[in-house]
Amino acid sequence: MNHELLGALSELEKEKGIDSEIILEAIEAALVSAYKKNFGSHSNMRVHIDRSIGTIKVYSRKTIVEEVTNSKEEVSLSEARRMDPRYELGDIVENEVTPKDFGRIAAQTAKQVVVQRLREAERDMIFNEYSNREGDIVTGVVQRYENKNIFIDLGKTEAILGPNEQIPGEQYKNGDRLKNYIIDVKKTTKGPQILLSRTHPGLLKRLFELEVPEIHDGTVEIKHVAREAGARSKIAVYSKNENVDPVGSCVGPKGLRVQAIVNELKGEKIDIVKWSSDPVKFIANSLSPAKVVTVEVSLDEKMAKVIVPDYQLSLAIGKEGQNARLAAKLTGWKIDIKSESQDVSFDEDIEGSEDAEDTEE
-12 MNHELLGALS
-2 ELEKEKGIDS
8 EIILEAIEAA
18 LVSAYKKNFG
28 SHSNMRVHID
38 RSIGTIKVYS
48 RKTIVEEVTN
58 SKEEVSLSEA
68 RRMDPRYELG
78 DIVENEVTPK
88 DFGRIAAQTA
98 KQVVVQRLRE
108 AERDMIFNEY
118 SNREGDIVTG
128 VVQRYENKNI
138 FIDLGKTEAI
148 LGPNEQIPGE
158 QYKNGDRLKN
168 YIIDVKKTTK
178 GPQILLSRTH
188 PGLLKRLFEL
198 EVPEIHDGTV
208 EIKHVAREAG
218 ARSKIAVYSK
228 NENVDPVGSC
238 VGPKGLRVQA
248 IVNELKGEKI
258 DIVKWSSDPV
268 KFIANSLSPA
278 KVVTVEVSLD
288 EKMAKVIVPD
298 YQLSLAIGKE
308 GQNARLAAKL
318 TGWKIDIKSE
328 SQDVSFDEDI
338 EGSEDAEDTE
348 E
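Quick note on numbering: this note's numbering labels position 127 of the sequence shown as 114, and the sequence is numbered without any gaps.
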């Protein structure tokens, strides 16, 4: 049995990835319970498994005191020194009390406890692994639906894609492979709970890091991301290297890099714009694909007045104001968009009002 035990532990370590020492400690704790149940209650005792040959030994433990009040837990100094003259008050005396048939009985009694401890150790390992990956991408397979939640199989464990984290209009079928963003990892009584998102702006950022080598190696930097999941996103990129086009790097040859991300997000449109420390340039770039004539900024109010050609007004504003709204999120500025003719009419109205006031005077 001892050789079988060590062999089983070795297999468990390979299969589950759990340190064999954790398993041995769990078994020792289980065998303490097994001994107390089958051979009487001893509050102070220890079970030791030899790590090299697998032998199991049980020891009773007694504290050395001046006056014994509980013979099951205490021993006098004089009696202890008959066993070893080096003992002092407060030391622990151990005596082996291993029953002959303890191995068989212990294995039967401790089985459920050992399984439970192994399960806990495995849960802790999974929690530690994924808690360190918050804010990272993980690939999983759609497993099942439950109360609008989608359960994603990550291999070692399941994760939850909640209804608010699902891309509007995106269809999920059993067996689909999806890339997801880890937003939170919680410890629960049933094991680690991993919460995923397909709508988080961080997912878009991580996808670009995976697809664009220049971002991964730091040549191109992602400055800001604004996203309306399932519809449209904007991402601002920058490179300190003047010889590197940050937008072109993200688009890729024939658009392959950005297209791979669009496909992963099931058709979400992505505008890649060049970041600039100059708010005038950055705001103009952020309204891409619309062309901008002029940008006037108010630094105190952090507001910008943008003039675009008449034929570009609807494009600059976007469907239901989406393009303007995303540009404002991306830049952090309030943006007021007007066409050239609207701006001229506004100026003429002001001039007309001033002329009328002059006439009255």
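Glycine is no exception: its CB is placed at the ideal position from the N, C-alpha and C atoms. All figures in this text were calculated on a predicted structure; none of them were measured in a lab.
If only uninterrupted beta strand (DSSP E) runs of at least 3 residues are considered, those enclosed by the region 147 to 212 are 164 to 175, 178 to 184. When 85, 90, 67 are compared, the shortest CA-CA separation from residue 79 is found for 67. Contact check for residue 269 against residue 263 passes: the beta carbons are separated by less than 8 Å.
By the C-beta criterion, the region 304 to 321 is judged to be in contact with the region 272 to 288, since at least 3 inter-stretch pairs fall below 8 Å. DSSP places residue 283 inside the beta strand (DSSP E), whose first and last residues are 281 to 285. When the Cα atoms are used, residue 5 and residue 148 turn out to be separated by approximately 27 Å. Rounded to the nearest whole angstrom, the C-alpha separation of residue 166 and residue 87 is 56 Å. The beta carbons of residue 169 and residue 154 sit no closer together than 8 Å.
The closest CA to that of residue 183, considering only 138, 72, 164, is found on 138.
Annotation for residue 16: no beta strand (DSSP E) segment contains it, though the alpha helix (DSSP H) segment containing it runs 7 to 26.
For residue 111, the secondary structure class from DSSP, reduced to helix, strand or coil, is helix. The beta carbon of residue 265 is closer than 6 Å to none in its chain, skipping five residues each way along the sequence. Excluding residues up to 5 positions away in sequence, 7, 10, 11 lie with their Cβ nearer than 8 Å to the Cβ of residue -4 in the same chain. Residue 38 sits exposed, since fewer than 16 C-beta atoms from the chains shown fall within 10 Å of its C-beta. By the Cβ neighbour-count rule, residue 191 is buried, with 16 or more other Cβ atoms within 10 Å of its own. Of the candidates 60, 309, -6, 131, the residue whose Cα lies closest to the Cα of residue 41 is -6.
Inter-segment contact for the region 281 to 299 and the region 205 to 215 is absent: fewer than three beta-carbon pairs are separated by less than 8 Å. With respect to residue 259, residue 291 sits apart: the two C-beta atoms are not nearer than 8 Å. Taking the C-beta atoms as reference points, residue 251 is found no nearer than 8 Å to residue 218. If you draw a 10 Å sphere on the C-beta of residue 200, you find fewer than 16 other C-beta atoms in it, and that means exposed.
Cβ contact annotation for residue 54 (same chain, cutoff 8 Å, sequence separation greater than five): 63, in chain order. Counting along the chain, no beta strand (DSSP E) covers residue 58, and no H or E run does either.
Taking 8 Å as the cut-off, the Cβ atoms of residue 224 and residue 233 count as close.
Contact between residue 313 and residue 198 fails: their C-beta atoms lie close to 21 Å from each other, not under 8 Å.
Cβ atoms of residue 31 and residue 47 come within 8 Å of each other, at about 7 Å.
In this chain, residue 250 is not harboured by any beta strand (DSSP E); it is covered by the alpha helix (DSSP H) spanning 243 to 251. For residue 316, the enclosing alpha helix (DSSP H) stretches over residues 309 to 318. Approximately 17 Å separates the beta-carbon atoms of residue 125 and residue 162; this is outside 8 Å, ruling out the contact. By alpha-carbon distance to residue 117, the top candidate from 23, 171, 33, -9 is 171. Between residue 267 and residue 282, the CB-CB gap stays under 8 Å. Taking the Cα of residue 92 as reference, the smallest distance to any Cα among 15, 25, 243 is reached at 25. For the options 104, 239, 159, the alpha carbon positioned closest to that of residue 127 is the one of 159. Around the C-beta of residue 106, fewer than 16 other C-beta atoms lie within 10 Å, and the residue is accordingly described as exposed.
Secondary structure of residue 121 (DSSP, three-state): coil. Residue 82 sits in a strand when the DSSP states are folded into three classes. Close CB contacts of residue 327 within its chain, under the 8 Å cut and outside five residues either way in sequence, are with 280, 294, 295, 296, 297 (chain order).
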